[in-house]
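Structure record follows, encoded as structure tokens.
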Amino acid sequence: MATEQTQRLVTVTPKAAEKIREFMAEEAEKPQYLRVYVQGGGCSGLSYGMGFEKQPDEDDMVIEQEGIKLLVDSYSKDSLGGANVDYIESLMGSGFKINNPNVTKSCSCGHSFSTE
1 MATEQTQRLV TVTPKAAEKI REFMAEEAEK PQYLRVYVQG GGCSGLSYGM
51 GFEKQPDEDD MVIEQEGIKL LVDSYSKDSL GGANVDYIES LMGSGFKINN
101 PNVTKSCSCG HSFSTE
């Protein structure tokens with residue numbers, strides 16, 4: 001397990017951090033970490049995932065920011081470098097949004113992407 005301190009692999013906005021803390025507090029198992037990851041799938045090849053964890057895996061990078069401990073696995077780190085996790089509230093709905101500078105193509109539904 002590596003700790004990412006100087007270079008921010010993934011950043012979190014204050015609004016997203018507030019919502020993450022709120023959702024973590026509601027969880028019965030009291031998770032300590034938020035995992036942000038990339039997995040194969042969707043019409044463009046990759047999709048994002050997020051979930052709570054109690055502890056990191058051996059190949060995880062741990063990023064502490066805005067009072068949140070993020071986990072990024074070794075598979076996801078190349079696709080997520082420089083990404084930003086935000087929380088958006090609008091008339092169309094609310095939820096987390098990942099702004100990723102590595103995306104070269106995304107599908108029309110907005111749920112999958114590819115990088116080069």
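Just so you know, we're using UniProt numbering here: the sequence shown kicks off at 1 and counts up by one. Every residue, glycine too, gets a C-beta built ideally from N, C-alpha and C.
Only counting the same chain, and skipping five residues up and downstream in sequence, which positions put a Cβ closer than 8 Å to that of residue i?
i: lysine 69; result: Gln32, Tyr33, Leu34, Val62, Ile63
Look at the alpha carbon of residue i and the alpha carbon of residue j, and state the distance between them as a whole number of angstroms.
i: methionine 92; j: glutamate 53; result: 29 Å
i: threonine 11; j: serine 90; result: 22 Å
i: asparagine 102; j: arginine 21; result: 27 Å
i: tyrosine 48; j: valine 36; result: 7 Å
i: glutamine 65; j: glycine 82; result: 14 Å
i: glycine 40; j: leucine 46; result: 4 Å
Who are the near neighbours of residue i in its chain, counting only those whose CB is closer than 7 Å to its CB and skipping five residues on each side?
i: isoleucine 88; result: Ser94, Gly95, Lys97
I'd like to confirm the pairing. Which residues does DSSP put opposite residue i in its beta bridges?
i: threonine 11; result: Asn84
i: serine 90; result: Gly93
Just to confirm, is the Cβ distance from residue i to residue j under 8 Å?
i: aspartate 60; j: alanine 16; result: no
i: asparagine 100; j: leucine 71; result: no
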